[in-house]
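A.B. asks: Heads up: the sequence shown runs through residues 447 to 893, numbered per UniProt numbering.
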Amino acid sequence: DLKRREVVRMIREQLPPPVRELFEDFGRTADALGLKVFAVGGFVRDLLLDEPNLDLDIVVEGDGIAFAEAFARDHECRVRSHEKFGTAVIVFPDDFKVDVASTRVEYYLEPAALPTVETASLKLDLYRRDFTINTLAIVLNHGSFGELLDFFGGLRDLREKAIRVLHNLSFVEDPTRVFRAVRFEQRLGFDIGKQTEHLIRSAVRMGFLDRIGGPRLLNEIIHILEEVRPFPAMARLEELDLVKFLHPALKIGEETGAVFERATRALHWYELLYTGKPCSEWVVYFLCLIRDLDADAFQGICERLGIPGRLHPLFTEQRHLAQGVLQRFQAFARRKMKRPRNSEIYQWLLPLDTEVLLYLMARLESEEARSWISVFVTRLRDQKPLLSGEDLKVLGVPPGPLYREILEQLLLRRLDGEVVTREQEIDLVQRKYMKNVHSSGLPQSRN
Ligand code: CTP
C-alpha cells in the first residue's frame, strides 16, 4: 500500500509551495474545530498519477460551511456558501478557488442523529461517486497528514489502469457517467473494466441515456471536446454505440479523425498567435462533428442538446456562409486557379467568428487554401485605411453614407497592395470620388 510518507513526498514534489501550505492550513483549521478534513476526488487521482491538477476538492467531516468560514477568519479570502447543499467555495484574492463539501448533508435529513466524527460519513460520501479511481481521499489534519484512504479499491484500479464503477446502479443513478467513463478512459489511457462496460451497454439498452436532459448532455460533450485529444474519445463513443444519443444521423469515421486532427493543429496555431481574443475550442470541434448534417438533423441536434441562444447565429448563418467559402476555396485549390485576391478573402471571411475560421481550416485539405485563412487572421482582419473619417472631411468630402464606402474601398485597395502610402490614399479619394465635387458640391461619379 501507498505509505503516508510517499503521499507526503508526492505532495511536496508535485504541488506548488502555496498549495502545500494551504493544505497544512486547512489541517490546522480543522484541528482547531475538532473536524476531519480531506482532499478528495480527481485531485487525488491526478496527484497519484503525477498529472497536473489544481482543482482542489475538500471534504469536511461535519459542517463544511462552518469550516470554510473559520478558515476565512484567519486567511485572506472570501467564502461563498450554499446552505442547501452544505457546500462552500473559498475564493482567494488571485481568484484561485477551492471547493469545500460537507459529509453531514444527509444528517440534516435526520435531526435525531448527531454528526459523526468517524470516517463512516466520508466513506458514504465517496460511495456516491462515479468511479473507484475518483474515490481516493487524503487526510489533511496535522496528526495524520498525507494518510491515503482507499475504501473502494481505487488504488488497485489506478495501478491496473481500469475505469470501474462502485456498484451496479451507478449508470442508472447518473447516466451522464457513461460519457465520463469514456472521457477518463481515453484521457488517462485506461480501459473501461469488463463489468463496467457491460453495465454501460445495459444502461444504453434500457434507455437510460434518453433521459439525460439536453444541457447535461451538452455539458458532457463539451467536456469531451475540450480534452487535449478529443477524437479518440469520440471514436470510442462510436464504438460503444453512444453517438446516436446526440443524433441518429451522426457518424464518427476516419474522415472525422482527419478533420479533428486539422482542427487541433489550427487551434494550436491560433493559441500561439496570442491574439488575446478567446476562442472556444469545443465550438470548433462541434462544427467539425456536425459538418455533414442537413438542416433538419442540425435542428434536431441543437434541440436535443439545448444549444444556448447566443450560439445560434454561429451555428446557423455563419455555418451557412462557411459552407459557401469552403466551396469557393476548394474550387480555387482544385482547379489551380490563381489565388483569390486579398480583398475577396477579406470580404468572404469578415463575417465569420474565429471558431468558424478555424473550423474552415480544419475542413480544407489544401495547405494553400488553409494559408488564405491564416493570412486573413494574421494580416488582413485588423487592417485599417490610413485616412480617417476626419481626414475625409478635411479633404472636403461632403458628409453622408459615402464616407463608409470610401473607407471600405481604401481598405480593400490597401489589402490588394494597390495603395500603400497616405498620399496614394488621398490621390485615390480625389481621383475616384471628388472629380465633380467642385462643380456641383456633391460627387457625381463613383467610377
Ligand atoms: N462525480 C460523479 N458523478 C458525476 C460527476 C462527478 O460521481 N456525474 C464526482 C467524481 O467522483 C469526481 C467529482 O464528482 O471526482 C468531481 O467532479 P469533476 O470535477 O467533474 O471531476 P474530476 O474528476 O475533477 O474531472 P476533471 O479532471 O475532468 O475535472
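Built from N, CA and C at the ideal position, the CB exists for glycine as well.
Does the beta carbon of Asn580 fall short of 7 angstroms from some heavy atom of ligand 1?
C.D. replies: Position 134 of the sequence shown, counted from the first residue, corresponds to residue 580. Yes - ligand 1 has a heavy atom lying nearer than 7 angstroms to the Cβ of Asn580.
A.B. asks: Under 8 angstroms, do Val628 and Leu683 count as touching if we go by C-beta distance?
C.D. replies: Position 182 of the sequence shown, counted from the first residue, corresponds to residue 628. Position 237 of the sequence shown, counted from the first residue, corresponds to residue 683. In contact: Val628 and Leu683 (Cβ atoms closer than 8 angstroms).
A.B. asks: Could you check whether the Cβ of Asn499 sits closer than 7 angstroms to any heavy atom belonging to ligand 1?
C.D. replies: Locating residue 499 in the sequence shown gives position 53, counting from the first residue. Asn499 Cβ: within cutoff of ligand 1.
A.B. asks: Report yes if the C-beta of Thr549 is less than 7 angstroms from at least one heavy atom of ligand 1; otherwise report no.
C.D. replies: Position 103 of the sequence shown, counted from the first residue, corresponds to residue 549. Result no, Cβ not under 7 angstroms from ligand 1.
A.B. asks: Taking 6 angstroms as the limit between beta carbons, can you name the residues of its chain near Asp503, skipping five residues before and five after?
C.D. replies: One-based indexing of the sequence shown puts residue 503 at position 57. So the qualifying residues of the chain are Val486, Gly487, Phe489 and Asp545.
A.B. asks: Could you check which residue in Leu601, Ile584 and Gly722 has the C-alpha nearest to that of Glu593?
C.D. replies: The residue labelled residue 593 in the question sits at position 147 within the sequence shown. Here the closest residue by C-alpha is Ile584.
A.B. asks: Can you tell which of Ile872, Leu803 and Gly863 has the C-alpha that lies nearest to the C-alpha of Arg711?
C.D. replies: By 1-based counting over the sequence shown, the position of residue 711 is 265. When only C-alpha atoms are compared, the closest one is Leu803.
A.B. asks: Grouping DSSP H, G and I as helix and E and B as strand, with all else coil, what is Arg827?
C.D. replies: In the sequence shown, the residue the question calls residue 827 occupies position 381. Looking at Arg827 - three-state DSSP - the assignment turns out to be coil, as it is neither helix nor strand.
A.B. asks: For Phe732, report the span of its alpha helix (DSSP H) as first-last.
C.D. replies: What you label residue 732 is simply residue 286 of the sequence shown in a count that begins at 1. Counting along the chain, the alpha helix (DSSP H) containing Phe732 begins and ends at Glu727 to Leu735.
A.B. asks: Within the chosen definition, does the segment 736-753 reach the segment 785-797 through at least 3 CB pairs nearer than 8 angstroms?
C.D. replies: These segments do not touch.
A.B. asks: Could you give the DSSP three-state label for Lys530: helix, strand or coil?
C.D. replies: On the sequence shown, residue 530 is found 84 positions in, with the first residue counted as 1. If DSSP states are grouped into helix, strand and coil, Lys530 belongs with the helices.
A.B. asks: Count the other C-beta atoms from every protein chain shown that fall within 10 angstroms of the C-beta of Thr533, then say buried if there are 16 or more, exposed otherwise.
C.D. replies: For the purposes of this step, residue 533 is identified with residue 87 of the sequence shown, where counting begins at 1. Buried, since its Cβ has 16 or more Cβ neighbours within 10 Å.
A.B. asks: Per DSSP, which one or two residues make a beta bridge with Leu683?
C.D. replies: If you number the sequence shown from 1, residue 683 lands on position 237. According to DSSP, Leu683 bridges with nothing at all.
A.B. asks: Quick check on DSSP: helix, strand or coil for Glu643?
C.D. replies: Numbered from 1 along the sequence shown, position 197 holds the residue referred to as residue 643. Correct three-state label for Glu643: helix.
A.B. asks: Taking the alpha-carbon positions, what's the Leu874 to Val840 distance?
C.D. replies: To locate residue 874, count along the sequence shown from 1; it is residue 428. To locate residue 840, count along the sequence shown from 1; it is residue 394. Distance between the alpha carbons of Leu874 and Val840: 15 angstroms.
A.B. asks: Could you pull the start and end residues of the alpha helix (DSSP H) that Leu719 belongs to?
C.D. replies: Counted from its first residue, the sequence shown places residue 719 at position 273. Run containing Leu719: Glu700 to Leu719, per the alpha helix (DSSP H) assignment.
A.B. asks: In the DSSP assignment, find the alpha helix (DSSP H) that holds Ala695 and state where it starts and stops.
C.D. replies: Taking the first residue of the sequence shown as position 1, residue 695 is located at position 249. Premise fails: Ala695 is in no alpha helix (DSSP H) and is neither H nor E.
A.B. asks: Is it true that the segment 867-881 meets the segment 823-838, where meeting means three or more beta-carbon pairs spaced less than 8 angstroms apart?
C.D. replies: Yes: at least three Cβ pairs fall under 8 angstroms.
A.B. asks: Nearest to Phe761 by alpha carbon, out of Lys530, Ala743 and Leu586?
C.D. replies: Working through the sequence shown from its first residue, we reach residue 761 at position 315. With distances taken between Cα atoms, Phe761 lies closest to Ala743.
A.B. asks: Looking only at its chain, what residues have a beta carbon closer than 7 angstroms to the beta carbon of Pro676, apart from the 5 residues adjacent to it on each side?
C.D. replies: Position 230 of the sequence shown, counting from 1, holds the residue named residue 676. Excluding residues within five positions, the ones whose Cβ falls inside 7 angstroms are Ile670, Phe706 and Tyr731.
A.B. asks: Examine the Cβ distances between the segment 648-665 and the segment 688-697 and report whether three or more of them are shorter than 8 angstroms.
C.D. replies: Touching, yes.
A.B. asks: Does DSSP put Ser648 in a helix, a strand or coil?
C.D. replies: Translated into the one-based positions of the sequence shown, residue 648 becomes position 202. The answer is helix: DSSP assigns Ser648 an H, G or I state.
A.B. asks: Compute every distance between the C-beta of Asp862 and the non-hydrogen atoms of ligand 1, then say whether any falls below 7 angstroms.
C.D. replies: Position 416 of the sequence shown holds residue 862. Because no heavy atom of ligand 1 lies under 7 angstroms away, the Cβ of Asp862 does not count as near it: no.
A.B. asks: Can you tell me the Cα-Cα spacing of Met456 and Lys640, whole angstroms?
C.D. replies: For the purposes of this step, residue 456 is taken as residue 10 along the sequence shown, with counting starting at 1. For the purposes of this step, residue 640 is taken as residue 194 along the sequence shown, with counting starting at 1. One C-alpha to the other measures close to 31 angstroms.
A.B. asks: Whole angstroms is fine: what's the gap from Arg450's alpha carbon to Leu586's?
C.D. replies: Within the sequence shown, the letter at position 4 stands for residue 450. Within the sequence shown, the letter at position 140 stands for residue 586. In a straight line, the C-alpha of Arg450 is about 11 angstroms away from that of Leu586.
A.B. asks: Excluding five sequence neighbours on each side, which residues of the same chain lie with their C-beta closer than 8 angstroms to the C-beta of Leu858?
C.D. replies: Here residue 858 refers to the residue found at position 412 of the sequence shown. Only Ser789, Tyr792 and Gln793 meet the Cβ criterion.
A.B. asks: Can you name, in chain order, every residue of its own chain whose Cβ lies under 6 angstroms from the Cβ of Val563, other than the five neighbours on each side?
C.D. replies: By 1-based counting over the sequence shown, the position of residue 563 is 117. With a pLDDT of only 39 at Val563, under the threshold of 50, the placement of this residue in the model should not be trusted; the figure read from the coordinates follows. If we look at Val563 and ignore the five residues flanking it on each side, it has no Cβ neighbours.
A.B. asks: Quick one, which of Phe775, His588, Tyr716 and Leu696 has its alpha-carbon nearest Glu801's?
C.D. replies: Here the question's residue 801 lines up with position 355 in the sequence shown. Checked all of Phe775, His588, Tyr716 and Leu696; the closest Cα to Glu801 is Tyr716.
A.B. asks: Please classify Ser817: is it buried, with 16 or more other beta-carbons within 10 angstroms of its beta-carbon, or exposed?
C.D. replies: As a working mapping, residue 817 is identified with position 371 in the sequence shown. With fewer than 16 Cβ atoms within 10 Å of its Cβ, Ser817 is classed as exposed.
A.B. asks: Taking all protein chains shown into account, do 16 or more other C-beta atoms lie within 10 angstroms of the C-beta of Glu507, making it buried, or fewer, making it exposed?
C.D. replies: Taking the first residue of the sequence shown as 1, we reach residue 507 at position 61. Flag for Glu507 reads buried.
A.B. asks: If you draw a straight line from the alpha carbon of Val674 to that of Leu494, how long is it in whole angstroms?
C.D. replies: For the purposes of this step, residue 674 is taken as residue 228 along the sequence shown, with counting starting at 1. For the purposes of this step, residue 494 is taken as residue 48 along the sequence shown, with counting starting at 1. Their Cα atoms are separated by approximately 20 angstroms.
A.B. asks: For Glu666, count the other beta carbons within 10 Å of its own beta carbon; 16 or more makes it buried, fewer makes it exposed. Which is it?
C.D. replies: Indexing the sequence shown from 1 puts residue 666 at position 220. That one is buried.
A.B. asks: Apart from the five residues on each side of it in sequence, which residues of its chain come closer than 7 angstroms, Cβ to Cβ, to Lys603?
C.D. replies: Taking the first residue of the sequence shown as position 1, residue 603 is located at position 157. Note that residue 603 is Asp in the sequence shown here, rather than Lys. Thr578, Ile579 and Arg610.
A.B. asks: By DSSP's criteria, Ala815 is part of a beta bridge. Which residues make up the other side?
C.D. replies: For the purposes of this step, residue 815 is identified with residue 369 of the sequence shown, where counting begins at 1. Paired residues: none, contrary to the question.
A.B. asks: Assuming the contact rule is C-beta atoms closer than 8 angstroms, Leu739 and Ala768 should be a hit. Round their C-beta distance to whole Å, please.
C.D. replies: For this step, residue 739 is matched to residue 293 along the sequence shown. For this step, residue 768 is matched to residue 322 along the sequence shown. Not a contact, Cβ separation roughly 14 angstroms.
A.B. asks: Can you tell me whether Leu548 is buried or exposed, with buried defined as 16 or more other CB within 10 angstroms of its CB?
C.D. replies: Numbered from 1 along the sequence shown, position 102 holds the residue referred to as residue 548. One detail in the question is off: residue 548 reads as Ser in this sequence, not Leu. Ser548 comes out buried.
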